[in-house]
Amino acid sequence: MTAATDIRRTVDAVWRIEGARIVATLAKMTGDVGLAEDLAQEAVLDALKQWPESGVPQNAGAWLTAIAKRKAIDGWRRRERLDERYRAIAHDLDQAGEDEWQPIDDDVLRLVFTACHPVLSREAQVALTLRVVAGLTTEEIARLLLVPVATVQQRIVRAKKTLSTAKVPFEAPEPAEWPARLSAVLGVVYLLFTEGYAATSGDRWIRTELASEALRLGRVLAGLLPREPEVHGLVALMEFQASRFAARTARDGSPILLADQDRSRWDRAQIGRGLAALQKADAVGRGRGSYSLQAAIAECHATAASVDDTDWEQIVLLYEALGRIAPSPVIDLNRAVAVSMATGPANALRIVDSLVAEGALRGSYLLPSVRGELLAQLGRVDEARSELLTAARRTANEKERAVLEAKARSL
Amino acid sequence: MKFMLIMRSTDAAKKEYEKADFEKIINAMGAYNESLIKAGVLLSGDGLADDLSDAFVVDFNTETPLVTDGPYGETHELFSGFWILEVGSKEEAIEWATRCPLGPGSKLEVRRVTDMSDFAEFADNEYLKKEERWREELEAK
């Protein structure tokens, strides 16, 4: 029993390292990611049966790929579809040794773009990316996403059917589609990261793992697309944010605000990796996109010794640039907070008031809580109290409500 | 999970290395490092200089720490380099470690790097202190 469990773990570890390249190689051969994944899974089952007897092969990835390729050819033979193309593949396979397996990065990149294809729902993109790109088992994905194993299985099966029904080719996007498709891939990775980072539910160690998974995917992408500045920008952003993990949540999982965090507990090595990634983004020389700008803001915080030492003027400039390329009232509100730190509450209040006039963030507690804070700093006590109490009524978070009410009372 | 792969080589192995085709060794190590980077698991790593003229030992047995040149015995396995990997499991760390292109006379000692889950108690204490401060501030207002 122990031996079987050990082999399972070893096979999982091999899949984790080689899974993406195995599936990519098979998808290149069959033109079908779903079929490729099925074939790879059958090969994994063979490994579980054979490796306890034979031992783990020297080049386990090549072994799994060769077995899966044979299964593909057997399938074609059964369906009598062994046309010229497949005959050639079968011939090559008979000639080649296992060690000649040379997976190509471009195939892995095609796999990434296919798993994040726009015909798939976000949920399907996430599940398929974790399965075939990150090389996680269905059980691991279920644990990380806090959903039942059956749900993950359904999402993956459905995703594979959708790709097949939509006849999605196993190709990287055309130049015209490239920016939007790349942005979808980065969106999936960042969604995974924020799911883990926000830690709104679940065991926080597990959520940290999800964020680490996203970072790993980001680093893989950076290796595949070294000339894309936003890939490095996203990695930098995740490194900076993750550097605060140890300092950002209390024992009960409630968040500790940036200003109150013990900065000595930020992970300096991780901040260093963030700086290096942002430098890579800048070195490409195509300017900063939205991830790089967010990373640069995070960099200002990560490298400041305290709230007072923070370069708030730089942060204001970065938020202005970010607001122009990715307009959002939340960014404007963050800019207002930075402005209040840089040049005082009066200027900040003008930004917040224009958001109110636009009817932005209606119903959110964020707007009245920031406005209340600014009014309090300006000594407009009655208005401040009323705004803080409005914010307290709107927040769903008990702790937040208590803080806001206490602040209102103290005025 | 983070793991540190600590490379140790005997003096004999180092002498063998000197005889071997150095470019071949660099290429094999380069390919290994590249595979770690591409898999997104390499956090950091470095080699340590063979030349011991800049090396020293600090011994804390005495009241004032004692700085000496040694001891590095003849048969002692020198710590010659390290990698820090972030992986999903111990088995994955084993997979990566066994792929390292090292030969006879070399060893990898692999240790898990502590993370915040190892200091849960410490985190609690920090938090309690913080919460105390926070309460005091609220009351002072």
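Those protein sequence lines, which keep their order, are chains A and B. For the first sequence, full-length UniProt numbering assigns the number 411 to the last residue and increments by one with no breaks. For the second sequence, full-length UniProt numbering assigns the number 141 to the last residue and increments by one with no breaks. The C-beta atom is built at its ideal place from N, Cα and C for all residues, glycine as well.
C-alpha gap between residue i and residue j, whole angstroms
i: Met341(A); j: Ala259(A); result: 12 angstroms
i: Ala150(A); j: Gly223(A); result: 33 angstroms
i: Ala36(A); j: Val316(A); result: 49 angstroms
i: Asn347(A); j: Arg207(A); result: 38 angstroms
i: Asp99(A); j: Ala40(A); result: Confidence in Asp99(A) is poor, its pLDDT being 49 and thus under 50, which makes the residue's placement too unreliable to answer from.
i: Met4(B); j: Ala246(A); result: 20 angstroms
i: Pro57(A); j: Asp282(A); result: 43 angstroms
i: Ala298(A); j: Gln241(A); result: 7 angstroms
i: Val352(A); j: Arg335(A); result: 9 angstroms
i: Ala20(B); j: Gly218(A); result: 37 angstroms
i: Trp96(B); j: Asp262(A); result: 35 angstroms
i: Pro118(A); j: Ala172(A); result: 13 angstroms
i: Gly274(A); j: Arg286(A); result: 19 angstroms
i: Arg155(A); j: Lys107(B); result: 44 angstroms
i: Leu278(A); j: Leu293(A); result: 9 angstroms
i: Gly202(A); j: Leu146(A); result: Low confidence applies here, because Gly202(A) scores a pLDDT of 48, under 50, leaving its location unreliable and the question unanswered by this model.
i: Ile271(A); j: Pro52(A); result: 43 angstroms
i: Ile37(B); j: Gly372(A); result: 48 angstroms
i: Asp12(A); j: Val44(A); result: 9 angstroms
i: Leu234(A); j: Leu186(A); result: 7 angstroms
i: Glu16(B); j: Ala60(A); result: 29 angstroms
i: Met1(B); j: Val189(A); result: 19 angstroms
i: Ala47(A); j: Pro179(A); result: 40 angstroms
i: Thr200(A); j: Ala357(A); result: The pLDDT assigned to Thr200(A) is 47, lower than 50, so where the model puts this residue is not dependable; a value taken from the coordinates is nonetheless given after this. Near 31 angstroms, if we compare the C-alpha coordinates of Ala357(A) and Thr200(A).
i: Lys69(A); j: Leu215(A); result: 31 angstroms
Beta-carbon proximity of residue i to residue j, cut-off 9 angstroms
i: Leu355(A); j: Asp332(A); result: yes
i: Leu210(A); j: Leu192(A); result: yes
i: Ser290(A); j: Leu322(A); result: yes
i: Leu366(A); j: Val307(A); result: no
i: Ala338(A); j: Pro368(A); result: no
i: Arg112(B); j: Ser35(B); result: no
i: Leu144(A); j: Glu239(A); result: no
i: Ala13(B); j: Gly88(B); result: no
i: Leu378(A); j: Leu349(A); result: yes
i: Leu130(A); j: Glu140(A); result: yes
i: Lys28(A); j: Asp107(A); result: yes
i: Ser44(B); j: Ala20(A); result: no
i: Val381(A); j: Leu361(A); result: no
i: Ile17(A); j: Thr65(A); result: no
i: Glu320(A); j: Val284(A); result: no
i: Gly34(A); j: Leu163(A); result: yes
i: Leu85(B); j: Ser9(B); result: no
Beta strand (DSSP E) segment containing residue i, residue limits
i: Gly47(B); result: 42-47
i: Ser80(B); result: 78-86
i: Asp59(B); result: 57-59
i: Arg77(A); result: Looking at the DSSP string, Arg77(A) is not in any beta strand (DSSP E); the run it does join, the alpha helix (DSSP H), is 60-78.
i: Ser106(B); result: 106-113
N- and C-terminal bounds of the alpha helix (DSSP H) containing residue i
i: Ile271(A); result: 268-283
i: Val330(A); result: 329-343
i: Ser369(A); result: 366-377
i: Leu14(B); result: Inspection of the sequence shows that residue 14(B) is occupied by Lys rather than by Leu. Where Lys14(B) is concerned, the enclosing alpha helix (DSSP H) stretches over 11-19.
i: Ser386(A); result: 381-394
i: Arg263(A); result: Here Arg263(A) belongs to no alpha helix (DSSP H), and DSSP marks it neither H nor E.
i: Arg248(A); result: 245-248
i: Thr68(B); result: Taken as a continuous stretch (DSSP letters only), Thr68(B) belongs to no alpha helix (DSSP H), being part of the beta strand (DSSP E) at 66-68.
i: Leu136(A); result: Here Leu136(A) belongs to no alpha helix (DSSP H), and DSSP marks it neither H nor E.
i: Met29(B); result: 22-38
i: Phe113(A); result: 105-115
8 angstroms Cβ shell around residue i - same chain, five flanking residues per side excluded
i: Val57(B); result: Val67, Thr68, Asp69, Gly70, Pro71
i: Leu225(A); result: Leu109, Leu182, Val231
i: Tyr32(B); result: Arg99, Cys100, Pro101
i: Glu18(B); result: none
i: Asp51(B); result: none
i: Trp266(A); result: Ser243, Arg244, Ala246, Ala247, Ala302
Own chain, CB closer than 7 angstroms to residue i, minus 5 neighbours either side, in chain order
i: Lys407(A); result: Leu388
i: Thr30(A); result: Ala36, Ala72
i: Ala159(A); result: Leu120, Ala124, Ala127, Leu128
i: Arg401(A); result: Ala392, Thr395
i: residue 476(A); result: In the structure displayed, chain A extends from 1 to 411; residue 476(A) sits before or after that span and is not available.
i: Ala28(B); result: Pro101
Residues near residue i in its chain [Cβ-Cβ closer than 6 angstroms; skip 5 each side]
i: Glu47(B); result: The sequence shown places Gly at residue 47(B), not Glu. Once the five neighbours on either side are set aside, the close Cβ partners of Gly47(B) are Gly81.
Residue i: contacting residues in chain C (beta-carbon distance under 7 angstroms)
i: Val14(A); result: The question asks about chain C, but that chain is absent: this structure's protein chains are A and B.
* Going along the chain, which residues of the segment 212-231 of chain A sit with their C-beta nearer than 9 angstroms to a C-beta in chain B? -> Ser212, Glu213, Leu215, Arg216, Leu217, Gly218, Arg219, Val220, Leu221, Ala222, Gly223, Leu224
* When Cβ atoms are compared, which residues of the segment 359-389 of chain A fall closer than 9 angstroms to chain B? -> none
* To do: Taking a Cβ distance cut-off of 9 angstroms, strictly less, list which residues of the segment 22-53 of chain B are near chain A, in chain order.
  => Glu34, Ser35, Ile37, Lys38, Ala39, Gly40, Val41, Leu42, Leu43, Ser44
* Taking Cβ-Cβ distances below 9 angstroms as the criterion, which residues of the segment 138-158 of chain A are in contact with chain B? -> Glu140
* To do: Output, in sequence order along the chain, the residues in the segment 295-317 of chain A whose CB is closer than 9 angstroms to any CB in chain B.
  => none
* When you check each C-beta in the UniProt domain "RNA polymerase sigma-70 region 2" (21-81) of chain A against every C-beta of chain B, which residues fall closer than 7 angstroms? -> none
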